[in-house]
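Accompanying notes for the structure given below.
Protein chains in written order, with my numbering: chain A, 1 to 358; chain B, 1001 to 1255.
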């Protein structure tokens, strides 16, 4: 009994140590990823996994999208390919309230959340009637409608170049450097993560997962699955919409082409790679999806004197080559870890535990 | 004795298959334990669906008749509201929430109660089924069939229903486990006074457990009476329940 408590205290200690380490890494990361010099020698990002901070910022925004889709698909069991549409909704709302009406940035984000929730509930309405693939199709229809509206809006009020967004400002703090964006987005991701984690522990969150596991049984436990579906949609798309507004502000210029069907499908890929239904999985999936291609690109040698096949692959067809390797890695991952990275992690931990004889 | 559940002249039709129940009359007295018997396709599950309100999920509808629960008409009341009115359900095939832990499964069942009663409810279920206490952090979908059935029962009981509908409890389970679960179900009935309507393939088991029974055949009530009456009549058993298994029940009843 005594050793047991001291063991758990040791474990708690270890847990805090890990957390501290994570905070330290996350705080130091932007310094590493910007151009810097050590002992008078300039280092570029080529020497560090080919990653830049802006890419990390885009990843953080993608994490918001992946977290929200994971909530909808992994926790509530509703498959949607409408997530690009919710991004577009956020970007469009930000264009109206921010670029046209000149509202301050925090209010723009709030308006994006509200409009996202509204559109999300509308998009979720078919879920009351149709199931499975038919419902997926209805989200596809939503995607096309919204991207069409975005296109019309863009050409009516702006032009073919796209919609410009002003600099983002939080009170007196202007988000004008990647480092500032990084810390702002990081805080947001932590907040959204904690919010989803907390909501899944509430009564409704539990009922939602029950609904995912078995709709009929959830109903026979007194759960009103219709209301729950709409709520899941509203919350998920509100977050995705805010992510869309942030996406637009970070890029400072956005066209309707940014929100194609591949954009929607990438979120599904993220949560499958990371592990369906797992919040950390959504983060891991987004990180892999956004960062791995340029890491692969950075690993391949860059030589302008190469000839023949090497030249074909590494110089002329570099982008395609990177995509090819990335695609293969994803396939290999899905073959050996069908339940995603988090599922793989769980399996390995269980294997280790059984080897230790417990 | 007043009736907890009263069904009058009930007819049910499915969109693609036509009439499944015809002019069914059935009543379950308060605190009573009633079995619903019949061969495959006789309409047992349809009757339960009509009572729970899950018919529309299966593209079926009540075409005539009335269902009263606690004196209140249930027609047009959505399924989840019926549960909140005190109609507990143990669905066919158990249908536990397989990715949720055992305790979370029970919590979902308890969510129709005020928060303060959760702990007491959990304790009651764990006392009834100690196995569930041992497994309470485990994902429910990876337990044995018997354990899942205990969970499905606990999940329905924890909401303190007045009427408990149990559908095909013995399906795919070892006889000893089934016997054990029925024993606990009897304990529930005796201590809480819960009314029960039990659908069961295994007529012998059901007649041992229930006080009275209704036999469905071809969508109609073919016979109703006390368990002893049915067990004592070889003719009924031969024509509706398939002789062999039930004959033993008759012998037992005669003892």
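Positions of the beta carbon are idealized from the N, C-alpha and C atoms, including for glycine.
Do residue 1112/B and residue 222/A have their beta-carbon atoms positioned less than 8 angstroms apart in this structure? Yes, these two residues count as a Cβ contact at 8 angstroms.
Taking 8 angstroms as the threshold (C-beta atoms), are residue 1049/B and residue 1060/B in contact? yes
Looking only at DSSP bridge pairs, what is residue 1214/B linked to? 1036/B and 1224/B
Pair within 8 angstroms by beta-carbon distance, residue 264/A and residue 61/A: At the C-beta level, residue 264/A and residue 61/A stay beyond 8 angstroms of one another.
For the beta strand (DSSP E) that residue 1003/B lies in, which residues bound it at each end? 1003-1014
Proximal residues of chain B, C-beta to C-beta of residue 219/A below 7 angstroms: Going along chain B in sequence order, the residues near residue 219/A (Cβ under 7 angstroms) are 1054, 1079 and 1080.
Would you kindly check if the distance between the Cβ of residue 88/A and the Cβ of residue 135/A is under 8 angstroms? no
Kindly list, in the order they appear in chain A, the residues whose Cβ is closer than 9 angstroms to that of residue 1260/B. Chain B is shown from 1001 up to 1255; residue 1260/B falls before or after that span and cannot be answered.
Min CB distance residue 216/A to chain B below 8 angstroms: yes
Buried/exposed call for residue 288/A, threshold 16 Cβ in 10 Å: buried
Do three or more CB pairs link the region 96-116 of chain A to the region 255-263 of chain A at distances below 8 angstroms? no
Validate contact between the region 1037-1054 of chain B and the region 1116-1124 of chain B using beta carbons, cut 8 angstroms, 3 pairs: no
Using the C-alpha atoms, what's the distance from residue 53/A back to residue 251/A? 13 angstroms
For residue 204/A, the nearest candidate out of 117/A, 183/A, 230/A and 121/A (CA to CA): 230/A
In this structure, how does DSSP classify residue 51/A when only helix, strand and coil are distinguished? Collapsing the DSSP output to three states places residue 51/A in coil.
Hey, how far is the Cα of residue 282/A from the Cα of residue 169/A? Computed Cα separation, rounded: 28 angstroms.
Hey, quick one: how far does the alpha helix (DSSP H) through residue 1056/B stretch, first residue to last? Looking at the DSSP string, residue 1056/B is not in any alpha helix (DSSP H), and its letter there is neither H nor E.
Span separating the alpha-carbon of residue 349/A from that of residue 276/A: Going by the C-alpha atoms only, they are around 18 angstroms apart.
Can you give me, in chain order, the residues of the region 222-239 of chain A that have a beta carbon less than 7 angstroms from any beta carbon in chain B? Along the region 222-239 of chain A, going in chain order, the ones with a CB nearer than 7 angstroms to a CB of chain B are 222, 223 and 224.
CB contact check: residue 1136/B to chain A, cutoff 8 angstroms: no
Using Cβ-Cβ distances below 9 angstroms, what residues of the region 1140-1168 of chain B are close to chain A? 1140, 1141, 1152, 1155, 1156, 1159 and 1165
Name the DSSP bridge partner or partners of residue 174/A? 169/A
Measuring CA to CA, which of 1150/B, 1161/B and 1009/B is closest to residue 1178/B? Here the closest residue by C-alpha is 1150/B.
For the region 248-326 of chain A, list the alpha helix (DSSP H) runs that are entirely contained and at least 4 residues long, ordered along the chain. 261-274, 279-299 and 308-311
Measuring CA to CA, which of 1146/B, 1215/B and 1195/B is closest to residue 1204/B? 1215/B
I want to know whether the region 121-132 of chain A touches the region 63-70 of chain A - three or more CB-CB distances under 8 angstroms. no
State the beta-bridge partners of residue 1068/B as determined by DSSP. 1006/B and 1073/B
Just confirm the distance between the C-beta atoms of residue 165/A and residue 84/A, as a whole number of angstroms; I'd bet it's less than 8 angstroms. Residue 165/A to residue 84/A, Cβ: 18 angstroms. No contact.
Is the region 1128-1135 of chain B close to the region 1160-1172 of chain B, with three or more CB pairs under 8 angstroms? no
Taking a contact to mean a Cβ-Cβ separation below 8 angstroms, would you say residue 212/A touches residue 111/A in this structure? no
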